[in-house]
Amino acid sequence: MESFSGLNQSQRYPLDLDIRPYLLDHHLEGSAILPAVESLIVLAGAVKAVYPQDEIKYIRQAAFQRFLHLVPGSRRQPVSVGIKKTESGDIAASLLTSIQSKTGTISRDIEHARAEFIMTASAETVLPPFRPVNKLKGSCISIPSATIYRELIPFGVAYQNIIGDLSVSSEGALGYLSGGHCGADEELLGSPFPLDAVMHAACVWGQRFAGIVPFPVGFEKRIIYRKTKKGEDYLGRVAPVSVTKESLIFDGWIYKDSVMCESISGLIMKDVTRGRRRPPEWIKIVNSNDNR
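Those letters in the sequence shown? Residues 3 to 294, by the numbering used here.
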């Protein structure tokens with residue numbers, strides 16, 4: 003991404019989104035869509051271009067309001083990033099596209115994603131002590147990753163990054179994750195694939211215990227203690243903290259051996275298809291005694 007210069011209170015920067023082939027493996031209802039984790043990389047890249055001296059480790063108040071559908075056959079897609087410095091010195095960024103009226107005289111912005119990037123030092127970025135997470139309480143099932151990506155989350159191979167079996171109980175989901183092997187940017191925020199797989203684990207939990215197929219629509223905060231890398235394997239866990247008819251909220255963690263790499267708090271998952279997608283009957287445990 004080119005360097006930007008000259009930042010007022012609020013600025014908007016046009017850029018071309020590079021549509022790499024692996025992104026097309028992330029699709030819903032026949033249309034490729036930009037993953038939430040990739041939209042964060044786009045926003046972080048724009049913020050880093052404006053503030054190149056700062057390393058991004060802390061992101062908060064993220065929201066993924068509307069899918070950004072990738073144009074079939076395109077190698078580049080025009081978008082823009084709105085950037086505004088907050089009173090606290092942090093950076094609010096939004097991923098935007100514009101649509102024109104039929105007459106071409108009126109344009110309207112659509113916000114697809116937004117987040118605040120914390121540019122000041124924070125005690126929360128100090129690595130917390132390791133907590134064992136290799137067991138789940140309650141009645142637990144193991145679901146092979148091949149089954150997950152065939153029947154529950156039918157993405158293409160680039161986004162099949164739960165590896166082995168995923169353990170699932172009312173307490174949460176636990177399993178090994180791949181750092182991926184595709185051409186994603188891992189310099190800004192680390193590899194996007196482990197966090198994406200954590201969201202998959204939350205989706206599997208939602209299918210089993212809430213009877214819906216939920217997608218990520220936001221989170222409260224994400225802290226990057228150590229950047230994940232492509233080609234590495236990690237241990238991931240999600241735990242439900244709130245379950246309502248409107249949304250499921252999780253906390254999640256990514257570990258490498260005995261070191262925490264990332265934490266995500268207040269991950270919000272919702273059924274954005276309004277019931278068009280349904281879990282298979284075999285996964286659901288709604289209304290059982292094991293339901294939260």
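Cβ coordinates follow ideal geometry from the N, Cα and C atoms, glycine included.
This structure is a prediction, so every number in the text was calculated from the model and none was measured.
Item: Member of 56, 63 and 210 whose CA lies at the smallest distance from the CA of residue 121; Value: 56
Item: Rounded separation between residue 277 and residue 271 - CA only; Value: 14 Å
Item: Cα-Cα separation between residue 258 and residue 235, rounded to whole angstroms; Value: 7 Å
Item: Beta-carbon spacing of residue 252, residue 230 below 9 Å; Value: no
Item: Rounded C-alpha distance that separates residue 101 from residue 157; Value: 28 Å
Item: C-alpha distance - residue 266 paired with residue 205, whole-angstrom precision; Value: 15 Å
Item: CB of residue 95 within 9 Å of CB of residue 65, strictly; Value: no
Item: Three-pair Cβ contact test at 8 Å for the segment 135-155 versus the segment 75-93; Value: no
Item: Spatial distance of residue 183 from residue 53 (CA atoms); Value: 29 Å
Item: Cross-strand partners of residue 30 (DSSP beta bridge); Value: 33
Item: Residue from 249, 21 and 203 whose Cα sits closest to the Cα of residue 179; Value: 203
Item: Within the segment 124-209, ranges of the beta strand (DSSP E) (whole runs, at least 3 residues); Value: 143-146, 164-171 and 174-180
Item: Delimiting residues of the alpha helix (DSSP H) encompassing residue 241; Value: That residue, residue 241, is in no alpha helix (DSSP H); its beta strand (DSSP E) goes 235-245.
Item: From 18, 86 and 37, residue whose alpha carbon lies closest to that of residue 26; Value: 37
Item: Range covered by the beta strand (DSSP E) that runs through residue 61; Value: 60-65
Item: Spatially closest choice to residue 186 from 208, 233, 164 and 175, by CA coordinates; Value: 233
Item: Cβ neighbours of residue 1 in the same chain (closer than 8 Å, five flanking residues each side left out); Value: Beyond the ends of the chain as shown, which are 3 and 294, falls residue 1; an answer cannot be given.
Item: Contacting residues, own chain, Cβ-Cβ under 6 Å from residue 5 (five flanking each side not counted); Value: A caution first: residue 5 carries a pLDDT of 47, below 50, which makes its placement in the model too unreliable to give a value.
Item: Continuous beta strand (DSSP E) stretch holding residue 256: start and end; Value: 250-258
Item: Closest Cα partner of residue 61 within the set 76, 39, 72 and 70; Value: 39
Item: Range of the contiguous alpha helix (DSSP H) that encloses residue 39; Value: 38-52
Item: According to DSSP, residues forming a beta bridge with residue 94; Value: 86 and 118
Item: Limits of the beta strand (DSSP E) - the one that residue 272 falls within; Value: 261-272
Item: Residue 12 burial status per 10 Å Cβ neighbour count (16 or more: buried); Value: exposed
Item: Option in 93, 285 and 199 with minimal Cα separation from residue 239; Value: 199
Item: Sub-9 Å separation of residue 21 and residue 68 beta-carbons; Value: no
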